[in-house]
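Every number in my numbering is 1 more than the matching position in the sequence shown, counting from 1.
C-beta atoms are modelled at their ideal positions from N, C-alpha and C, and glycine is treated no differently.
Reading through the structure tokens given below for one structure.
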Amino acid sequence: MNEIAGTRVRMIATMPFDDQRPGTSGLRKKVTVFRQPRYLENFVQSVFDTLALPPGSALVLGGDGRYYNREALQIIIKMAAANGIGRVLIGRDGILSTPAASCVIRQHGASAGIILSASHNPGGPQGDFGVKVNGANGGPAPSVLTEAIYTRSRALSAYRILDAPDVALERLGQSRLGEMIVEVIDPVADYAQLMESLFDFTAIRALFASRFRLCYDAMHAVTGPYAKEILERRLGAPAGSVIHGEPRADFGGEPPDPNLVHAHELVRIMNGPDAPDFGAACDGDGDRNMILGRRFFVTPSDSLAVLAANARLAPGYAAGLKGVARSMPTSQALDRVAQQLGILCYETPTGWKFFGNLLDAGMITLCGEESFGTGSSHLREKDGLWAVLFWLNLLAVRRQPVEIIVREHWWTHGRHFYTRHDYEGLDPVVARCLMKQLRGRLGRLRGERLGTRRVRESDDFEYTDPVDGSVTSGQGLRLFFEEGARVVFRLSGTGTEGATLRIYLEAFEPDPARHHLDPQQALAGLISVVHDVVQLRQRTGRHAPTVIT
Ligand code: G16
Numbered sequence: 002m003n004e005i006a007g008t009r010v011r012m013i014a015t016m017p018f019d020d021q022r023p024g025t026s027g028l029r030k031k032v033t034v035f036r037q038p039r040y041l042e043n044f045v046q047s048v049f050d051t052l053a054l055p056p057g058s059a060l061v062l063g064g065d066g067r068y069y070n071r072e073a074l075q076i077i078i079k080m081a082a083a084n085g086i087g088r089v090l091i092g093r094d095g096i097l098s099t100p101a102a103s104c105v106i107r108q109h110g111a112s113a114g115i116i117l118s119a120s121h122n123p124g125g126p127q128g129d130f131g132v133k134v135n136g137a138n139g140g141p142a143p144s145v146l147t148e149a150i151y152t153r154s155r156a157l158s159a160y161r162i163l164d165a166p167d168v169a170l171e172r173l174g175q176s177r178l179g180e181m182i183v184e185v186i187d188p189v190a191d192y193a194q195l196m197e198s199l200f201d202f203t204a205i206r207a208l209f210a211s212r213f214r215l216c217y218d219a220m221h222a223v224t225g226p227y228a229k230e231i232l233e234r235r236l237g238a239p240a241g242s243v244i245h246g247e248p249r250a251d252f253g254g255e256p257p258d259p260n261l262v263h264a265h266e267l268v269r270i271m272n273g274p275d276a277p278d279f280g281a282a283c284d285g286d287g288d289r290n291m292i293l294g295r296r297f298f299v300t301p302s303d304s305l306a307v308l309a310a311n312a313r314l315a316p317g318y319a320a321g322l323k324g325v326a327r328s329m330p331t332s333q334a335l336d337r338v339a340q341q342l343g344i345l346c347y348e349t350p351t352g353w354k355f356f357g358n359l360l361d362a363g364m365i366t367l368c369g370e371e372s373f374g375t376g377s378s379h380l381r382e383k384d385g386l387w388a389v390l391f392w393l394n395l396l397a398v399r400r401q402p403v404e405i406i407v408r409e410h411w412w413t414h415g416r417h418f419y420t421r422h423d424y425e426g427l428d429p430v431v432a433r434c435l436m437k438q439l440r441g442r443l444g445r446l447r448g449e450r451l452g453t454r455r456v457r458e459s460d461d462f463e464y465t466d467p468v469d470g471s472v473t474s475g476q477g478l479r480l481f482f483e484e485g486a487r488v489v490f491r492l493s494g495t496g497t498e499g500a501t502l503r504i505y506l507e508a509f510e511p512d513p514a515r516h517h518l519d520p521q522q523a524l525a526g527l528i529s530v531v532h533d534v535v536q537l538r539q540r541t542g543r544h545a546p547t548v549i550t
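Put into structure tokens, the structure is as follows:
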């Protein structure tokens with residue numbers, strides 16, 4: 002073990018910041034905000050003070066490799082040493098995908114983790130940065146904890162940091178920083194082993210041997226090394242199946258967001274004349290996924306429902322599912338599968354942290370969100386590559402094209418047409434006012450006819466956690482129409498500029514003769530209704546959404 006000099010703990014005066022309230026997924030701000038003097042330190046000290054880990058505890062550290070990752074990690078390592086942490090486990094070069102961090106926390110019995118990522122948000126000096134805090138179960142800190150961190154950040158007067166040189170993160174092995182052990186680990190090994198225990202790698206290898214072709218887009222983000230190791234080396238996908246596999250601090254100048262807009266090269270390949278059989282992409286920190294067939298897009302809500310319906314085909318889920326859960330705005334396709342399987346389907350607010358208690362209590366096995374997130378009890382984060390492997394396992398067993406599998410699913414369960422319209426960069430005052438006025442009208446809308454549909458029910462979604470009884474309110478305004486149609490309005494909790502209004506639209510279609518329709522076409526009536534109901538154009542000056550998924 003190398004002895005690293007430096008044992009002097011310094012107390013540095015800081016001033017409180019009043020904008021460090023974590024959102025849907027950690028504290029997410031512009032890099033320029035994080036680089037203000039004492040800004041990162043203030044938040045990290047608030048985390049250590051709030052967690053109050055017993056001296057000598059183990060902490061997992063890593064990030065998605067985005068701009069400012071390395072500098073921030075050095076600061077956090079020295080602060081960890083000054084705050085009595087006994088051991089930090091850190092991915093080589095400071096890299097750990099979000100699901101891999103969750104895996105390492107659980108497998109090494111760490112008390113907590115700090116993950117540096119702003120997920121799918123853009124990187125680079127003018128891009129976004131973020132700090133997420135995870136607990137001993139490997140999952141995102143619950144709201145009570147993030148609120149306590151926020152309270153602390155507004156009162157802090159000093160932070161603790163070790164006076165020491167930077168720690169080398171390029172080589173695996175242990176070193177010492179003051180009293181603390183720094184262990185640089187292989188970021189892929191634990192995670193890859195966990196994947197091998199869940200899926201039938203032999204069957205997937207046979208699938209690739211049968212000339213099945215995959216295109217996986219790592220979007221120049223953290224999953225490149227994971228995908229090359231697992232898909233190309235362990236499963237035998239031909240070299241080159243992973244595209245954009247070299248992580249870059251600015252993700253190649255594009256948001257690492259796996260959707261039809263930003264994963265444009267993958268989309269072009271999958272729509273091309275010689276398209277591979279299966280396409281997939283993951284986001285900046287590896288927790289989101291997008292699934293594509295040949296000239297066919299699988300909506301995240303449908304992907305979740307298909308995985309639930311076929312779960313028994315994967316060895317890790319062969320015993321069946323205990324229950325399932327989805328975030329409230331996610332389509333109700335999963336509910337139909339749950340009903341058929343005779344298991345419960347829980348509906349939680351947006352944010353992976355809300356699945357934690359259900360997973361810890363063994364009430365659910367599978368869960369997911371419309372925002373390209375799918376996961377299971379194997380970890381406490383959503384897991385992009387896991388979803389890709391689950392699909393590969395399914396394809397290896399069923400030997401049918403992706404499109405046929407999804408169409409058969411609709412045939413059996415009916416199709417939930419679904420779309421999300423995002424209005425980004427709105428004036429926050431205008432956005433909040435729009436939501437407030439709609440909230441005030443919810444009661445009066447009940448029974449009213451809007452366009453061709455009648456409003457059956459309306460509310461502001463409130464969640465009571467069935468495990469600890471905690472109540473989370475104000476989670477989205479819902480209008481339920483007859484025949485299972487639904488519209489949800491909510492403000493995003495992950496943006497860093499202005500406000501983002503998300504409008505989620507869904508309608509159920511049992512008739513297979515109509516399953517071929519384009520969702521925008523099938524939902525056109527509902528789309529025009531929502532524009533009128535909140536006077537979107539008049540209030541925001543916008544004529545079309547910024548992003549449609
Ligand atoms: C985060 C959360 C997800 C959430 C998503 C969108 O994902 O972990 O649970 O669905 O943000 O949240 P919002 O609608 O508030 O922007 P990620 O991948 O960004 O960490």
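Residue ranges of each alpha helix (DSSP H) within the segment 365-420, 4 or longer
The segment 365-420 contains these whole alpha helix (DSSP H) runs: 385-399 and 403-414.
Over the uninterrupted beta strand (DSSP E) stretch that includes Leu41, give me the two end residues.
Following the DSSP letters along the chain, one finds Leu41 in no beta strand (DSSP E) but inside the alpha helix (DSSP H) bounded by residues Tyr40 to Leu52.
Taking 7 Å as the cut-off, is the C-beta of Pro422 nearer than that to any heavy atom in the ligand G16?
The identity of residue 422 in the sequence shown is His, whereas the question assumes Pro. False, no ligand heavy atom lies under 7 Å from that Cβ.
Report the partner residues of Pro17 according to the DSSP bridge assignment.
For Pro17, which the question treats as bridged, DSSP gives no partner whatsoever.
Once the 5 residues before and after Gln341 are set aside, which same chain residues still bring their CB inside 6 Å of it?
Listed in chain order, the non-local C-beta contacts of Gln341 below 6 Å within the same chain number zero, local neighbours out to five positions each way being set aside.
Which of helix, strand or coil does DSSP assign to Val534?
For Val534, the secondary structure class from DSSP, reduced to helix, strand or coil, is helix.
From which residue to which residue does the beta strand (DSSP E) around Ser459 run?
For Ser459, the enclosing beta strand (DSSP E) has its first and last residue at Arg454 to Asp461.
Opposite Lys30 in the DSSP bridges: which residues?
DSSP, once it has assigned bridges, lists Phe130 as partnering Lys30.
Should Val243 be labelled buried (16 or more other beta-carbon atoms within 10 Å of its own) or exposed?
Buried.
Following the continuous beta strand (DSSP E) through Gln438, name the residue where it begins and the one where it ends.
In the DSSP assignment, Gln438 falls outside any beta strand (DSSP E) and within the unbroken alpha helix (DSSP H) covering Pro429 to Leu446.
Sequence-distant residues of its chain with Cβ nearer than 8 Å to Ile186 (five each side left out):
The residues are Leu90, Ile91, Gly92, Arg93, Val105 and Leu173.
Does the ligand G16 have even one heavy atom less than 7 Å from the beta-carbon of Glu1?
As displayed, the chain neither begins before 2 nor continues past 550, which places residue 1 out of reach and without an answer.
Taking the alpha carbon of Val223 as the point to measure from, which residue in Ala508, Arg487, Asp65 and Gly374 has its own alpha carbon closest?
Ranking Ala508, Arg487, Asp65 and Gly374 by Cα distance to Val223 puts Asp65 first.
Proximity of Leu293 and Val398 at Cβ, strictly below 8 Å:
Going by C-beta atoms, Leu293 is not nearer than 8 Å to Val398.
Would you identify the three-state DSSP class for Phe213, choosing helix, strand or coil?
Here Phe213 sits in coil by DSSP.
If you reduce the DSSP assignment to three classes, tell me which class Gln37 lands in.
It is coil, neither helix nor strand.
Around the C-beta of His265, are 16 or more other C-beta atoms found within 10 angstroms, so that it is buried, or is it exposed?
It counts as exposed.
Under 8 Å: do the segment 111-122 and the segment 433-452 share three or more Cβ pairs, one atom per stretch?
A contact is defined here as three or more CB-CB pairs under 8 Å, and the segment 111-122 fails this definition with respect to the segment 433-452.
Within a Cβ cutoff of 6 Å, which residues of the same chain sit near Ser378, ignoring the five residues on either side of it in sequence?
Annotation for Ser378: Leu360 and Thr366 place their beta carbon closer than 6 Å to its own, counting only its chain and skipping 5 residues before and after.
Along the chain, where does the beta strand (DSSP E) containing Leu199 start, and where does it finish?
It is not in any beta strand (DSSP E) - Leu199 instead sits in the alpha helix (DSSP H) that spans Ala190 to Leu199.
CB of Phe418 within 8 Å of CB of Ala525, strictly:
Contact flag unset, no.
Taking the DSSP output, what are the residues bridged to Pro141?
Pro141 pairs with Asn135.
Suppose the cutoff is 6 Å on Cβ atoms and the five residues either side in sequence are ignored; what does the same chain contact list for Glu184 look like?
Leu90 and Gln175.
Cβ neighbours of Tyr505 in the same chain (closer than 6 Å, five flanking residues each side left out):
Contacts found: Pro330, Arg421 and Val489.
Taking all protein chains shown into account, decide if Cys434 is buried (16 or more other Cβ within 10 angstroms of its Cβ) or exposed.
Looking at its Cβ environment, which holds fewer than 16 other Cβ atoms inside 10 Å, Cys434 is exposed.
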